Amino acid sequence: MSEPRRVLRSVLCMIAAAGCGDGGGGTNAGNSIAPPDGVNAVAIVVDSGPLGSNGAPVGYVNGAFVTVTVCVPGTADCQAIDHVLVDTGSSGLRLLANDGKAGGELSLRLPPLEDVGKKAIGECYPFVDGFTWGQVQLADVRIGGEMAGGMAIQVIGEAAYPVPDPCLGFGNDEDTLEGASGLLANGILGMGTFVQDCGPACATAGSGNPGVYFACSSSAPGGCVETAVAAGAQVSNPVARFATDDNGVIVELPPVPAGGAPTASGSLVFGIGTRSNNGLGSAVVIPVDDRGTLTTVFPAQGTRYPQSFIDSGSNGIYFLSGAATGIPTCTGTGGIERFYCPPSPMVLSAANQGAGGTPTSPVSFSIANAKALFASNNVAFSNLGGENAGLPSLHLPAAFDWGLAFFFGRNVFTAIEGAATPGGAGPYFAY
Amino acid sequence: MFAMNPMTTLSAIRKPGWRHWLVALALVTVVSATPALAALGGDVSSVQKDRARFKASLQLSTAAHHTVHELKAPTGTTIREYVTEDGRVFGVTWQGPWRPDLRQLLGPYFADFQQAAKAKRTGRNGPLTSRTARLVIEMSGHPRAFQGRAYVPELVPADVPEDEIQ
Chain W
1 MSEPRRVLRS VLCMIAAAGC GDGGGGTNAG NSIAPPDGVN AVAIVVDSGP
51 LGSNGAPVGY VNGAFVTVTV CVPGTADCQA IDHVLVDTGS SGLRLLANDG
101 KAGGELSLRL PPLEDVGKKA IGECYPFVDG FTWGQVQLAD VRIGGEMAGG
151 MAIQVIGEAA YPVPDPCLGF GNDEDTLEGA SGLLANGILG MGTFVQDCGP
201 ACATAGSGNP GVYFACSSSA PGGCVETAVA AGAQVSNPVA RFATDDNGVI
251 VELPPVPAGG APTASGSLVF GIGTRSNNGL GSAVVIPVDD RGTLTTVFPA
301 QGTRYPQSFI DSGSNGIYFL SGAATGIPTC TGTGGIERFY CPPSPMVLSA
351 ANQGAGGTPT SPVSFSIANA KALFASNNVA FSNLGGENAG LPSLHLPAAF
401 DWGLAFFFGR NVFTAIEGAA TPGGAGPYFA Y
Chain H
432 MFAMNPMTTL SAIRKPGWRH WLVALALVTV VSATPALAAL GGDVSSVQKD
482 RARFKASLQL STAAHHTVHE LKAPTGTTIR EYVTEDGRVF GVTWQGPWRP
532 DLRQLLGPYF ADFQQAAKAK RTGRNGPLTS RTARLVIEMS GHPRAFQGRA
582 YVPELVPADV PEDEIQ
């Protein structure tokens, strides 16, 4: 499998203006890389993920990856990082450090974000059941031919400061490439509906502050304390900081066969309706609320699930439970038992509805036997699904999580909050 | 840590019986200097510890055979704690832009949650759903829109359907 991938990657590297890392803990920091050329797209590859410590891919399933280049602001001192996960469910660029523990690629030394007292800013960012911790640093972020200058990113790792105690309440520390809590990616490129990763809540000190940002003065216990960071200085969606094409993105992935594919190639396109290659066309605009959620109706005329979302960083389509849907779950242990395993593929109908109640857009999707999918050597699946809640009458946390499986064969638009587009102002998803 | 602000939390209490909470608050102020204390599986007084930790306002509602303590934290997150007639917390839920400190909320079951999160990783990046005899925990959402619930099956009163824990 490695040989075809190498060929594919070299092709992708020619397409991507940013170039590629070597995938095994790249050491190309300091290389001078040509300035961005304005091309508003970067190649997406769906493959088994970056190389792990044993030299083989980490084994990601349904991960959409791009190469992102970061530079010391205002210089040509840059490093290209491959296998950064495209995530429409979060905002902000987070890169795993190459610090001996994290196992990531980023070794370029970037300037820290500091508060007025010259204390380094750290961040503890929660994901669904874990968190990433690390310093906030400043970089020129180049993706495809576009650049966001001098913006805050999170460098995941503990080299400078250990995880502060309050952070541990978010769950497991996801600050390694591999391992049970590993990211299995060299970073996360959050290009969701939000501009900032936290927003106004983190800009003010006090009890309304969720405790995401920390000011660090020492590596001793208690050396990092919760602090406020102005919205404009927070880790943010790089697209919102581009000079043009800054109102959203399109994730374009081809259809894959029912049994999956060993790889898939697509594009992450910047801007909505700003150029000839990013028009909405016939896509239906589905506005989301101020939490980035929409309503999924399932079956198509059935129950409404108002906490649903479209998230390329989730790998499957996760919804309800075996008990609620009647779809058999897989037998076994180790996580497989939460996936769906129907004896033959099922075609299901749902509808996605704007957070305000309109429009309602039907969506047909398929769920196949996850065990059979995993048993193949394929890693790109449009019909991988699993559970997201226990009982049909639940209002919480029942929801549809439309992960990457949903994206194959669709162009999925993500419009940033407050941004003007030909389909109206964000935030919305459209497909 | 943010400084305690008893005036803010006090002013948010509007339910009858607030004098009772005043006494509790005095205890809580002392207790807050110590590490996290159990909620799930603990007795009803642990709800007050959670309220102090999350700087939340509190609303009570009584169902047939249990009480729901709803905490609204200033971060915008709502936490519900389900308490049996004899005063044990058998379930907790949360919904809002940020997840609460789960060490505080899950108490002795926090390690079960951590284990469940690690176990789900086989091919799965997405919501957590884990059911064991000790703990049922389900977590979903994405940054700025999280939701979840956890309950201890053996503590759920026989006449409370599990889908009422929401």
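These protein sequence lines map, in sequence, to chains W and H. The letter at position 185 of the first sequence is residue 185 when you use the numbering used here, and the numbering goes up by one with no holes. The letter at position 94 of the second sequence is residue 525 when you use the numbering used here, and the numbering goes up by one with no holes. Built from N, CA and C at the ideal position, the CB exists for glycine as well. For clarity, every value in this text was computed on a predicted model and none was experimentally measured.
Between the C-alpha atoms of residue i and residue j, what's the straight-line distance to the nearest angstrom?
i: D517/H; j: A495/H; result: 13 Å
i: D175/W; j: D590/H; result: 43 Å
i: V249/W; j: C341/W; result: 33 Å
i: G157/W; j: G187/W; result: 11 Å
i: R484/H; j: L502/H; result: 11 Å
i: R277/W; j: L268/W; result: In the sequence as presented, Arg is not what sits at residue 277/W; that position holds Asn. Their backbone Cα atoms lie some 11 Å apart in a straight line.
i: G122/W; j: T506/H; result: 20 Å
i: K480/H; j: A470/H; result: 8 Å
i: A201/W; j: K371/W; result: 42 Å
i: A148/W; j: F309/W; result: 26 Å
i: S492/H; j: G100/W; result: 52 Å
i: W525/H; j: A487/H; result: 13 Å
i: V297/W; j: T329/W; result: 22 Å
i: T421/W; j: V58/W; result: 38 Å
i: G208/W; j: K118/W; result: 24 Å
i: F127/W; j: D47/W; result: 23 Å
i: P162/W; j: V363/W; result: 45 Å
i: A233/W; j: C78/W; result: 21 Å
i: G557/H; j: V256/W; result: 21 Å
i: V379/W; j: R482/H; result: 45 Å
i: T27/W; j: T67/W; result: Residue placement at T27/W is poorly supported in this model, since its pLDDT is 40, which falls under 50; the coordinates still yield a value, given next. Cα-Cα distance, rounded: 15 Å.
i: T553/H; j: F544/H; result: 16 Å
i: A464/H; j: D401/W; result: Confidence in A464/H is poor, its pLDDT being 33 and thus under 50, which makes the residue's placement unreliable; the coordinate value appears in the next sentence. Roughly 39 Å separates the two Cα atoms.
i: S531/H; j: Y318/W; result: Reading the sequence as shown, one finds Pro at residue 531/H and not Ser. The alpha-carbon atoms of P531/H and Y318/W are separated by roughly 23 Å.
i: S91/W; j: V412/W; result: 16 Å
i: G199/W; j: D87/W; result: 18 Å
i: G25/W; j: N98/W; result: Summary for G25/W: the model assigns pLDDT 37, below 50, so the residue's position carries little reliability; its value from the coordinates is reported in the next sentence. Rounded to the nearest angstrom, the two C-alpha atoms are 7 Å apart.
Using the DSSP secondary-structure output, state which residues sit across from residue i in a beta bridge.
i: F381/W; result: Beta-bridge pairing links F381/W to no other residue.
i: P255/W; result: According to DSSP, which records beta bridges pairwise, P255/W is partnered with nothing at all.
i: T325/W; result: None; T325/W has no bridge partner.
i: A503/H; result: Looking at the sequence shown, residue 503/H is not Ala but Lys. In DSSP, K503/H forms a bridge with S488/H and T509/H.
i: G527/H; result: F577/H
i: I188/W; result: L85/W and R94/W
i: L138/W; result: A152/W
i: S265/W; result: V45/W
i: T493/H; result: T498/H
i: A80/W; result: T69/W
i: F429/W; result: I286/W and T414/W
i: E337/W; result: Beta-bridge pairing links E337/W to no other residue.
i: E569/H; result: T560/H and R580/H
Please list, in chain order, the chain H residues whose beta carbon lies closer than 7 Å to that of residue i.
i: E387/W; result: T560
i: G334/W; result: A550 and T553
i: G49/W; result: Near G49/W there are no residues of chain H at all, since even the closest Cβ is about 11 Å away, more than 7 Å.
i: D401/W; result: G557, P558 and S571
i: P36/W; result: Correct list: empty, because the minimum Cβ distance to chain H is about 27 Å.
What in chain H is Cβ-close to residue i, meaning under 9 Å?
i: V61/W; result: G554, R555 and N556
i: P306/W; result: Result: empty, since nearest Cβ-Cβ is about 11 Å, beyond 9 Å.
i: G232/W; result: Ordered by position in chain H, no residue passes the 9 Å Cβ test against G232/W, which lies about 17 Å from the chain.
i: P162/W; result: Per Cβ cutoff of 9 Å: no residues; P162/W is ~17 Å from chain H at best.
Which bits of chain W does residue i rub up against, with CB to CB less than 8 Å?
i: F544/H; result: D129 and G171
i: G472/H; result: None at all; the shortest Cβ gap to chain W is about 17 Å.
i: G538/H; result: Those do not exist, as G538/H stays about 12 Å from chain W at its closest Cβ, beyond 8 Å.
i: Q479/H; result: Neighbours of Q479/H on chain W: none; closest Cβ ~16 Å, over 8 Å.
Any beta-carbon of chain B closer than 8 Å to the one on residue i?
i: R94/W; result: Among the protein chains in the structure shown, which are W and H, there is no chain B.
Check the C-beta distance from residue i over to residue j and give it rounded, since I have them as a contact under 8 Å.
i: I286/W; j: N352/W; result: 5 Å
i: I416/W; j: A240/W; result: 5 Å
i: L294/W; j: G354/W; result: 6 Å
Cβ-heavy atom distance between residue i and the ligand NAP below 7 Å?
i: S91/W; result: The ligand content of the structure shown is nil, which means the ligand NAP is not present either.
Name the chain H residues that come within less than 8 Å of residue i, Cβ to Cβ?
i: L168/W; result: R534
i: S90/W; result: H573 and P574
i: R338/W; result: K551, R555, T560 and S561
i: A201/W; result: T506, G507, P528 and W529
Which bits of chain W does residue i rub up against, with CB to CB less than 7 Å?
i: R530/H; result: P126 and F170
Output, in sequence order along the chain, the residues in the stretch 121-138 of chain W whose CB is closer than 8 Å to any CB in chain H. Y125, P126, F127, V128, D129 and G130
Give me the subset of the stretch 547-566 of chain H whose CB atoms are less than 9 Å from a CB atom of chain W, sorted by chain position. The residues in question are A547, A548, K549, A550, K551, R552, T553, G554, R555, N556, G557, P558, L559, T560, S561 and R562.
Got a sec: which bits of the stretch 482-502 of chain H sit with their beta carbon under 8 Å from any beta carbon on chain W, in order along the chain? K486
Relative to chain H, which residues along the stretch 273-302 of chain W have a C-beta separation below 7 Å, given in chain order? Only R291, G292 and T293 from the stretch 273-302 of chain W bring a Cβ to less than 7 Å from some Cβ of chain H.
What residues in the stretch 178-196 of chain W have a beta carbon less than 7 Å from any beta carbon of chain H? A180, S181 and F194
For the stretch 308-335 of chain W, enumerate the residues whose C-beta is nearer than 7 Å to any C-beta of chain H, in chain order. F309, D311, G313, S314, N315, G316, Y318, G334 and G335
Any C-beta of chain H within less than 7 Å: which residues of the stretch 255-269 of chain W qualify? none
Please list the residues of the stretch 360-376 of chain W that have a C-beta atom closer than 7 Å to any C-beta atom in chain H, keeping them in chain order. F374
Under 9 Å, CB to CB, which of the residues in the stretch 406-431 of chain W have a partner in chain H? none
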